[in-house]
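Novice: Count along the sequence shown from 1, then add 12; that gives the number in my numbering. Think of the CB as a built atom: it goes at the ideal place given N, C-alpha and C, for glycine as much as any other residue.
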Amino acid sequence: MRRSRPVTVGALIEAGARRLKRAGVFFGHGTDNARDEAAALVLHALRLPHDLSAALYRRRVGATAQQRARELLTRRIRERIPAAYLTGVTWFAGVRLHIDARVLVPRSPIAELIERRFAPWIDAARVRRVLDVGTGSGCIAIACARALPRARIDALDISQSALQVARGNVRRHRLGHRVRLIKSDHFRALQGATYDIIVANPPYVGSAELRGLPAEYRHEPRVALAAGRTGLDCVRVILREARRHLRTGGLLVVEVGNTETAVRRAFRRMPFLWLHFERGGGGVFLLTREQLPARRKVRGALG
Ligand SMILES: C[S@@+](CC[C@H](N)C(=O)[O-])C[C@H]1O[C@@H](n2cnc3c(N)ncnc32)[C@H](O)[C@@H]1O
Numbered sequence: 013m014r015r016s017r018p019v020t021v022g023a024l025i026e027a028g029a030r031r032l033k034r035a036g037v038f039f040g041h042g043t044d045n046a047r048d049e050a051a052a053l054v055l056h057a058l059r060l061p062h063d064l065s066a067a068l069y070r071r072r073v074g075a076t077a078q079q080r081a082r083e084l085l086t087r088r089i090r091e092r093i094p095a096a097y098l099t100g101v102t103w104f105a106g107v108r109l110h111i112d113a114r115v116l117v118p119r120s121p122i123a124e125l126i127e128r129r130f131a132p133w134i135d136a137a138r139v140r141r142v143l144d145v146g147t148g149s150g151c152i153a154i155a156c157a158r159a160l161p162r163a164r165i166d167a168l169d170i171s172q173s174a175l176q177v178a179r180g181n182v183r184r185h186r187l188g189h190r191v192r193l194i195k196s197d198h199f200r201a202l203q204g205a206t207y208d209i210i211v212a213n214p215p216y217v218g219s220a221e222l223r224g225l226p227a228e229y230r231h232e233p234r235v236a237l238a239a240g241r242t243g244l245d246c247v248r249v250i251l252r253e254a255r256r257h258l259r260t261g262g263l264l265v266v267e268v269g270n271t272e273t274a275v276r277r278a279f280r281r282m283p284f285l286w287l288h289f290e291r292g293g294g295g296v297f298l299l300t301r302e303q304l305p306a307r308r309k310v311r312g313a314l315g
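#1: Quick check: the Cα distance between residue 92 and residue 177, rounded to an integer number of angstroms?
#2: First and last residue of the beta strand (DSSP E) that includes residue 207?
#3: Could you tell me the alpha carbon to alpha carbon distance between residue 291 and residue 277, rounded to whole angstroms?
#4: At what residue ranges does the region 208 to 270 contain a whole run of the beta strand (DSSP E), taking only runs of 3 or more?
#5: Assess contact between the region 100 to 116 and the region 239 to 253, defined as three or more Cβ pairs (one per stretch) separated by less than 8 Å. Is contact present?
#6: Assuming residue 252 and residue 206 are in contact, meaning their beta carbons sit under 8 Å apart, how far apart are those beta carbons, in whole angstroms?
#7: Rounded C-beta distance between residue 127 and residue 159? I'm assuming under 8 Å.
#8: Helix, strand or coil for residue 299 per DSSP?
#9: Would a C-beta distance cut-off of 9 Å place residue 171 and residue 236 closer than the cut-off?
#10: Does residue 285 pass the burial test, meaning 16 or more other C-beta atoms within 10 Å, or should it be called exposed?
#11: Sort 57, 67, 62 by Cα distance to residue 76 and report the nearest one.
#12: Apart from the five residues just before and just after residue 136, which ones in its own chain have a Cβ nearer than 7 Å to its Cβ?
#13: Using a Cβ-Cβ cut-off of 7 Å (strictly less than) and excluding sequence neighbours within five positions of residue 281, which residues of its own chain qualify?
#14: Residue 80 to residue 99, Cα distance in whole Å?
#15: Smallest Cα separation from residue 53: which of 216, 94, 246?
#16: Quick one: residues in its chain with C-beta nearer than 8 Å to the C-beta of residue 19, no 5 flanking neighbours on either side, listed in chain order?
#17: Checking the sheet assignment: what are the DSSP bridge partners for residue 285?
#18: Nearest-angstrom Cα distance between residue 279 and residue 41?
#19: Should residue 230 be listed as close to ligand 1, given that the test is whether its C-beta is under 8 Å from any heavy atom?
#20: Which full runs of the beta strand (DSSP E) of 3+ residues lie inside the region 79 to 131, going along the chain?
#21: Decide if residue 28 is buried, meaning its Cβ has at least 16 other Cβ atoms within 10 Å, or exposed.
#22: Are there any heavy atoms of ligand 1 lying less than 8 Å away from the beta-carbon of residue 144, as far as the coordinates show?
#23: Counting Cβ pairs closer than 8 Å, one from the region 177 to 189 and one from the region 211 to 218, do we hit at least three?
#24: Excluding the 5 residues flanking residue 269 on each side, which residues of the same chain have their C-beta closer than 7 Å to its C-beta?
#25: Using the beta-carbon count (16 or more within 10 Å), is residue 45 buried or exposed?
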């Protein structure tokens, strides 16, 4: 009788990556290649840690566990569900987060800026209050709380169900004393609160672009992506209102992704500083409070 070759963790990952590639799934919800995506799914199915050692890579896998891994890959391919929703876990700026389809899959390049403690744009030691606009899973707020241990963070979102996910993550990281979750339409519920840094990764997809996105995006909440016909609805509100909520020398950091061109065109007079990221990604601008228009000048500055 011919014995079949033992299947190792590594072999399952490589075979999974080949399947994902052949199926033409879209990468970009937390990983950017087939191998990382396959590893996330296989390791989850095998209940193995995310930071795989060489010894674990060579470990043999039993038939039942192999089956579990293959079934998870099949769901990824057939239903085009982003891997992070299938595993329920993802990482952002070194922070482990529980997520599901109530929130966007965290992937903002702003993670890198937070890990650098916003250097060289502000002296991190003087940051006392941070606002995260559109917190989703709470990823930016929690990463800021960890990077800036003396700061208190307000994290707002219009979606009650997103705030439930964020609440779970804040609790798991034991940050309830420093991260406050607020249900708010943009800045509306904040009254007069002011901050040293406002960070936002708002919805910024225009209606035409939304229709053409890969199937994976249809699993994400529409409220996390859609921003009117041109994709500028939320950015416009943020540019109009942020100054009132910033302290002297305070920073506004906003991700607009590939809506960058439309933002540059729509707000020609704004002196945006477009940030560069070593780990890739872009479409993130920075403005200081002093560069933002005062209330009486909003119309002239923003059109
Ligand atoms: C692109 S997601 C970003 C989520 C998270 N900050 C991240 O980086 O993964 C945008 C978030 O903004 C929230 N949002 C949409 N419109 C909003 C509004 N008018 N006021 C506050 N939050 C809003 C959505 O519910 C969603 O959680």
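Specialist: Reading it off the structure:
#1: Here residue 92 is taken as the residue at index 80 of the sequence shown, counted from 1. Here residue 177 is taken as the residue at index 165 of the sequence shown, counted from 1. Here the C-alpha atom of residue 92 lies approximately 22 Å from the C-alpha atom of residue 177.
#2: On the sequence shown, position 195 is the one that residue 207 refers to. From DSSP, the beta strand (DSSP E) with residue 207 extends over 207 to 212.
#3: Here residue 291 refers to the residue found at position 279 of the sequence shown. Here residue 277 refers to the residue found at position 265 of the sequence shown. One C-alpha to the other measures close to 27 Å.
#4: Uninterrupted beta strand (DSSP E) stretches at least 3 residues long and entirely within the region 208 to 270 occur at 258 to 267, given in chain order.
#5: The way I'd put it, the region 100 to 116 doesn't touch the region 239 to 253; fewer than three beta-carbon pairs between them come closer than 8 Å.
#6: To locate residue 252, count along the sequence shown from 1; it is residue 240. To locate residue 206, count along the sequence shown from 1; it is residue 194. The Cβ separation is near 16 Å, so there is no contact.
#7: For the purposes of this step, residue 127 is taken as the residue at position 115 of the sequence shown. For the purposes of this step, residue 159 is taken as the residue at position 147 of the sequence shown. About 7 Å separates the two Cβ atoms, so the contact holds.
#8: Working through the sequence shown from its first residue, we reach residue 299 at position 287. When secondary structure is reduced to three states using DSSP, residue 299 falls in the strand class.
#9: Translated into positions along the sequence shown, residue 171 becomes position 159. Translated into positions along the sequence shown, residue 236 becomes position 224. Contact: yes.
#10: Within the sequence shown, residue 285 is the residue found at index 273, counting from 1. With fewer than 16 other Cβ atoms inside 10 Å of its own Cβ, residue 285 counts as exposed.
#11: The residue labelled residue 76 in the question sits at position 64 within the sequence shown. Per the Cα distances, 57.
#12: As a working note, residue 136 is residue 124 in the sequence shown. Cβ within range, chain order: 129, 130, 160.
#13: The sequence position of residue 281 within the sequence shown is 269, counting from 1. Within the same chain, residue 281 has close Cβ partners 313.
#14: Start at 1 with the first residue of the sequence shown, and residue 80 comes out as number 68. Start at 1 with the first residue of the sequence shown, and residue 99 comes out as number 87. Whole-angstrom Cα-Cα distance: 12 Å.
#15: Counting from 1 along the sequence shown, the entry for residue 53 is found at position 41. The shortest Cα separation from residue 53 among 216, 94, 246 belongs to 94.
#16: Here residue 19 is taken as the residue at index 7 of the sequence shown, counted from 1. Closer than 8 Å at Cβ, skipping near neighbours: 72, 73, 78.
#17: Walking along the sequence shown from the start, residue 285 turns up at place 273. Partner(s): 298.
#18: Taking the first residue of the sequence shown as position 1, residue 279 is located at position 267. Taking the first residue of the sequence shown as position 1, residue 41 is located at position 29. Residue 279 and residue 41: Cα-Cα distance of roughly 29 Å.
#19: Start at 1 with the first residue of the sequence shown, and residue 230 comes out as number 218. Result no, Cβ not under 8 Å from ligand 1.
#20: Entirely contained in the region 79 to 131, the beta strand (DSSP E) runs reaching 3 residues are, in chain order, 101 to 104, 107 to 110.
#21: Locating residue 28 in the sequence shown gives position 16, counting from the first residue. By the 10 Å Cβ count, residue 28 comes out buried.
#22: Here residue 144 is taken as the residue at index 132 of the sequence shown, counted from 1. Checking every heavy atom of ligand 1 against the Cβ of residue 144, one is found closer than 8 Å.
#23: The region 177 to 189, when compared against the region 211 to 218, does not touch it at the 8 Å Cβ threshold.
#24: Mapped onto the sequence shown, residue 269 falls at position 257. For residue 269, where only same-chain residues beyond five positions count, the Cβ hits under 7 Å are 216, 295.
#25: Mapped onto the sequence shown, residue 45 falls at position 33. Looking at its Cβ environment, which holds fewer than 16 other Cβ atoms inside 10 Å, residue 45 is exposed.
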